[in-house]
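Working notes, beginning with the structure itself.
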Amino acid sequence: MDEAGALLELVRAYSPSGREEPGVRAFLRVAESLGFSKTEVDEAGNGIARIGSGRPQIVYLGHIDTVEGELP
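In structure tokens, the structure reads:
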């Protein structure tokens with residue numbers, strides 16, 4: 287998947303606050319397609335993707351929820 291395809295998949299995932307699961311699933315699909323070897327959902331429902339082994343060296347953190355309602 288190229289960068290534009292990854293962005294489109296993430297933006298198209300409807301995931302308003304409290305219902306982020308579609309966005310998390312999209313994030314994990316994109317991460318796997320980009321070569322992240324281990325993906326998971328933690329007990330709070332956050333998507334986690336890891337590449338490589340050992341202790342994490344870099345962490346990217348961001349919100350996955352979107353505004354309520356369908357936008358064109």
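Residue numbers for the sequence shown follow the working numbering, beginning at 287 and rising by one.
Cβ coordinates follow ideal geometry from the N, Cα and C atoms, glycine included.
From L401 to S303, what does the alpha carbon distance come to, in whole angstroms?
Limits of the chain in this structure are 287 at one end and 358 at the other, which puts residue 401 out of reach.
Tell me the rounded alpha-carbon separation between S339 and R311.
23 Å
When you compare the CB positions of E307 and G331, do they come within less than 8 Å of one another, or not?
yes
Can you tell which of I334, E318, D351 has its C-alpha closest to the C-alpha of M287?
E318
Contact set for E354: own chain, Cβ-Cβ below 7 Å, skip 5 residues either direction:
P302
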